[in-house]
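Asker: Quick one: structure below, then a few questions.
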Amino acid sequence: MHFWIAIPVIWQRDRMARSINRLNARQVATITEPNRYADGNCLYLNVSETGAKSWCLIYNFKTKRRELGLGAFPAVSLAQAREKALEASRLRAEGIDPIAARRAAEAPELTFGDVATEFIDGAEEGWKNRKHRQQWRNTLTTYAKAIWTKPVADVDVEDVLKILRPIWSTKPETASRVRGRIERVLDVAKARKLRAGENPAAWRGNLAVILPPRKKGPKRHHPAMPYGEVAGFMLKLGQRPALAARALELTILTACRTGEILGARWSEIDLDAKLWTIPAERMKAGKEHRVPLPEPAVDLLRSLGRMDDFVFPGFKSGKSLSNMAMEMVLRRMDVAGVTVHGFRSSFRDWCGDEATQFPREIAEQALAHTVGNEVERAYRRGDALERRRELMDLWAAYVCAGSGAEPGSSPTDPNSDPKADPKD
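Structure representation (structure tokens):
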């Protein structure tokens with residue numbers, strides 16, 4: 001009984017083999033008539049009018065007809081052509097187009113540094129903060145140096161761990177940023193078909209089971225000057241002739257961010273209306289922000305004169321003052337434990353303790369913070385400009401009290417202050 005069952009099985013296998021391997025070595029060598037001859041498994045032998053012979057693969061991928069050359073005969077033998085056809089069949093089974101796979105293999109092998117540089121070059125225009133753009137470059141070139149010249153396709157978990165382990169406990173915030181940025185670059189490489197498989201820098205289900213949880217310390221705030229000391233500081237600041245000192249004065253008077261001040265352009269400012277309109281692309285929240293200018297701020301701006309498109313131009317044409325310019329003013333004035341951004345906190349503390357007639361929402365809007373949930377924001381379409389104008393007028397009167405001069409009216413001779421530096 002077993003004998004009669006085995007016969008059709010053997011016959012069927014022989015039939016399948018013949019339907020796949022239809023040609024033989026002698027046929028391939030002796031065929032001369034121009035035509036296309038099928039061997040099976042999408043493999044064909046092309047014989048041209050001149051008698052030249054070559055192999056090709058004809059297949060459908062995602063409903064599209066595709067044709068891939070496999071080389072000329074006899075440089076590529078029948079056995080070798082069949083092996084290439086089999087490998088292409090494996091790729092299609094995995095959802096990979098053999099033509100795309102060949103292009104990727106023939107493309108220059110890009111390193112992690114190549115992909116990172118191309119990504120940053122293309123993405124940084126959309127990053128509003130210049131400091132953030134520079135941090136991306138500095139972080140990766142410093143901490144990812146070990147994989148910078150390694151083919152991006154070969155970066156693995158061990159490579160990432162060698163980068164993160166030395167700083168995971170000692171510099172947890174930096175380590176977290178490094179990991180996230182490496183992950184982003186490797187995601188870009190995968191999207192460009194430069195690597196396959198899981199992302200070795202991913203946290204969940206990957207590094208999270210290898211590295212200890214990152215210890216979170218108390219939330220750090222920007223060191224701020226007590227608001228009761230700001231008026232005295234403004235008096236000293238007004239005696240400094242540097243342009244960066246004027247920028248810092250305007251920062252304090254408007255409670256704006258550093259980037260918003262340094263990127264200010266005259267085209268955004270209407271001195272007659274006492275209004276500064278910062279476009280959405282320069283705002284952290286990506287929304288246009290109108291800043292009511294108190295009288296001291298208007299006087300300060302009038303005193304500057306329009307020397308450039310930027311309100312606070314730098315030494316290089318078409319550039320604004322350096323991001324560190326105002327910080328350097330604080331250092332030269334020997335003001336310790338205070339940051340430029342911290343003056344926003346000084347303003348907010350003053351609002352809470354002194355300007356009690358103004359609700360919290362007005363103070364937050366003055367700082368260009370997002371207030372309320374999505375539903376509340378949908379109903380609050382105005383920006384309370386006039387209420388904020390009252391608040392900023394009071395703040396300006398408070399910080400300029402006892403100055404004896406309006407901001408920006410300080411002497412212009414650098415020698416009037418032994419610590420002054422015209423490059424501030």
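Once you know that position 179 of the sequence shown is 179 in full-length UniProt numbering, the rest is easy, because the numbers rise by one and skip nothing.
Where is the CB? At the ideal position from N, CA and C, for every residue including glycine.
1) So is residue 298 buried or exposed if we call it buried at 16+ other beta carbons inside 10 Å?
2) For residue 343, is the classification buried or exposed, using 16 other Cβ atoms within 10 angstroms of its Cβ as the cut-off for buried?
3) Check for me: the beta strand (DSSP E) holding residue 276 runs from which residue to which?
4) Could you check whether residue 292 and residue 389 sit closer than 7 Å to each other, using their CB atoms as the reference points?
5) If you draw a straight line from the alpha carbon of residue 104 to that of residue 153, how long is it in whole angstroms?
6) Can you tell which of 300, 207, 267 has its C-alpha closest to the C-alpha of residue 248?
7) From residue 385 to residue 176, what does the alpha carbon distance come to, in whole angstroms?
8) Kindly indicate which residue of 349, 60, 312 has the alpha-carbon position closest to the one of residue 264.
9) For residue 383, which residues in the same chain have their Cβ closer than 7 Å to its Cβ, ignoring the five residues on either side in sequence?
10) Please identify the residue among 302, 116, 255, 287 whose C-alpha is closest to the C-alpha of residue 468.
11) For residue 83, tell me which candidate among 314, 309, 20 has the shortest Cα-Cα distance.
12) Taking only the alpha-carbon atoms, compute the straight-line gap between residue 52 and residue 85 and give it to the nearest angstrom.
13) So what does DSSP say about residue 145, is it helix, strand or coil?
14) Express the C-alpha separation of residue 40 and residue 24 in angstroms, rounding to a whole number.
15) Around the Cβ of residue 185, are there at least 16 other Cβ atoms within 10 angstroms (buried) or fewer (exposed)?
16) When burial is assigned at 16 or more other CB atoms within 10 Å of the CB, is residue 213 buried or exposed?
17) Please list the terminal residues of the continuous beta strand (DSSP E) segment that includes residue 61.
18) How close, in whole Å, do the beta carbons of residue 225 and residue 399 come, if the pair is a contact with beta carbons under 8 Å?
19) For residue 35, which residues from the same chain have a beta carbon less than 7 Å from its beta carbon, with the 5 sequence-adjacent residues on both sides left out?
20) Which same chain residues end up closer than 8 Å to residue 42 when comparing Cβ atoms and leaving out the 5 residues on each side of it in sequence?
21) With DSSP run on the structure shown, which of helix, strand or coil describes residue 50?
22) List the endpoints of the continuous alpha helix (DSSP H) containing residue 352.
23) Give the DSSP bridge partners of residue 289, in chain order.
24) Using 10 angstroms around the beta-carbon of residue 269, count the other beta-carbons present and answer buried if the total reaches 16, otherwise exposed.
25) Quick check on this structure: which residue in 162, 243, 189 has the alpha carbon closest to the alpha carbon of residue 210?
26) How big is the Cα-Cα spacing for residue 196 and residue 119?
27) Roughly how many angstroms separate the alpha carbons of residue 207 and residue 165, rounded to a whole number?
28) Report the rounded CA-to-CA distance for residue 347 versus residue 257, giving the unit in angstroms.
29) Give the straight-line distance between the Cα atoms of residue 141 and residue 318, rounded to the nearest whole angstrom.
30) Alpha carbons only, please: which of 304, 285, 179 is nearest the one belonging to residue 242?
31) Buried or exposed: which applies to residue 199, given that a residue is buried once 16 or more other Cβ atoms fall within 10 Å of its Cβ?
32) So the candidates are 62, 55, 79; which of them puts its Cα closest to the Cα of residue 71?
33) Just verifying my parser: in three-state terms, what is the DSSP assignment at residue 64?
34) One question on the structure: do residue 367 and residue 255 come within less than 7 Å of each other, judged by their Cβ atoms?
35) Quick one: what's got a C-beta closer than 7 Å to residue 116's C-beta in the same chain, skipping five residues either side?
36) Going by C-alpha distance, which of 49, 97, 75 is nearest residue 67?
Answerer: So, from the data block:
1) Classified as buried, residue 298 has 16 or more neighbouring CB atoms from the shown chains inside 10 Å of its CB.
2) By the Cβ-count criterion, residue 343 is buried, with 16 or more other Cβ atoms from all chains shown falling within 10 Å of its own Cβ.
3) First-last of the beta strand (DSSP E) with residue 276: 275 to 278.
4) Yes, the Cβ-Cβ distance between residue 389 and residue 292 is below 7 Å.
5) Taking the straight line joining both Cα atoms gives about 11 Å.
6) The shortest Cα separation from residue 248 among 300, 207, 267 belongs to 300.
7) Distance between the alpha carbons of residue 385 and residue 176 is about 39 Å.
8) Selection 349, 60, 312 evaluated against residue 264 yields 312 as nearest (Cα-Cα).
9) Hits under 7 Å: 290, 365.
10) For the chain, the structure presents residues 1 to 424; residue 468 sits outside this window and is missing.
11) Nearest C-alpha to residue 83: 20.
12) Whole-angstrom Cα-Cα distance: 20 Å.
13) Three-state DSSP puts residue 145 in a helix.
14) Those two C-alpha atoms are separated by around 12 Å.
15) Answer is buried; the Cβ neighbour count reaches 16.
16) Exposed, because fewer than 16 other Cβ atoms sit within 10 Å of the Cβ of residue 213.
17) Its beta strand (DSSP E) spans residues 53 to 61.
18) About 11 Å separates the beta carbon of residue 225 from that of residue 399, a gap too long to meet the 8 Å contact definition.
19) 47, listed in sequence order.
20) If we look at residue 42 and ignore the five residues flanking it on each side, its Cβ neighbours are 57, 58, 59, 85, 88, 89.
21) Here residue 50 carries a coil assignment [DSSP, helix/strand/coil].
22) Element bounds for residue 352: 342 to 353.
23) As DSSP reads the structure, residue 289 sits in a beta bridge with 278.
24) Residue 269 counts as buried, since at least 16 other C-beta atoms from the protein chains shown sit within 10 angstroms of its C-beta.
25) Checking every option, the nearest Cα to that of residue 210 belongs to 162.
26) When rounded, the distance between both Cα atoms is 18 Å.
27) Answer to the nearest angstrom: the Cα atoms are 11 Å apart.
28) Note on geometry: alpha-carbon atoms of residue 347 and residue 257 lie some 12 Å from one another.
29) Each residue's Cα considered, the two are about 28 Å apart.
30) Out of 304, 285, 179, 304 has the C-alpha closest to the C-alpha of residue 242.
31) Residue burial annotation: residue 199 is buried, with at least 16 other C-beta atoms found within 10 angstroms of its C-beta.
32) Selected option, being the one with the closest Cα: 55.
33) Residue 64: strand per DSSP, three-state reduction.
34) Going by C-beta atoms, residue 367 is nearer than 7 Å to residue 255.
35) Cβ within range, chain order: 140, 185.
36) Check the Cα spacing between residue 67 and each of 49, 97, 75: the tightest is with 97.
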